[in-house]
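Heads up, the thing below is written out as structure tokens.
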Amino acid sequence: MAHAVRLVVAVLGPQTENKVVERMAGVVRDLGVEVICAGTGSSITSLVAAVVQEDADALALVISDDGQCPSVLELLRLLRLECGERVRVVVKGGLSPFSRAELHDQGVSLILGPDDPPESVLQVVKPVPQRGE
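Numbered according to numbering that gives the first Met the number 0, the sequence shown terminates at residue 132, and the numbering increases by one at each position without gaps.
If you want it as structure tokens, here you go:
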């Protein structure tokens with residue numbers, strides 16, 4: 000039996016991306032995903048702590064541009080230390096091909112552009128088997 004997927008959504012960077020997170024959260028919630036909104040202005044360590052505390056299956060980050068890639072890479076490093084490879088990470092934002100490749104190589108499960116619809120996150124956020132099955 001599958002359990003509802005738990006997805007933490009957050010903005011890493013300017014609050015101007017808040018509407019994107021709110022729209023993504025609403026769309027995936029309507030499709031049966033349990034959504035935890037970490038909001039904006041969270042530190043990298045507080046986002047990792049939220050994923051751990053909520054026992055999330057995935058993290059969806061909205062970023063504005065390439066300038067936030069070093070923060071995403073640090074978040075990935077800390078997340079892997081805490082959770083191993085269990086948590087899938089989705090990044091949505093305006094990124095150069097170089098940054099997209101770097102994030103993918105470092106373990107981001109899915110990279111979405113600014114024009115990709117919010118439901119695209121469902122490509123990696125699917126019902127997962129009950130823990131212990």
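Even for Gly, the Cβ is constructed at its ideal location relative to N, Cα and C. Owing to the predicted nature of the structure, the values given are computational and were not obtained by experimental measurement.
Exposure of residue i, with buried meaning 16 or more beta-carbon neighbours within 10 Å
i: residue 66; result: exposed
i: residue 40; result: exposed
i: residue 30; result: exposed
i: residue 22; result: exposed
i: residue 117; result: buried
i: residue 100; result: exposed
8 Å Cβ cutoff met for residue i and residue j
i: residue 105; j: residue 72; result: yes
i: residue 33; j: residue 4; result: yes
i: residue 83; j: residue 64; result: no
i: residue 107; j: residue 88; result: yes
i: residue 110; j: residue 74; result: no
i: residue 90; j: residue 102; result: yes
Backbone CA spacing between residue i and residue j [nearest angstrom]
i: residue 61; j: residue 20; result: 7 Å
i: residue 132; j: residue 85; result: Note on residue 132: pLDDT 46, under 50, position unreliable in the model; no value is reported.
i: residue 17; j: residue 11; result: 10 Å
i: residue 78; j: residue 54; result: 12 Å
Reference residue i, options the options, closest by Cα
i: residue 56; options: 47, 111 and 113; result: 47
i: residue 7; options: 37, 83 and 97; result: 37
i: residue 112; options: 124, 94 and 103; result: 94
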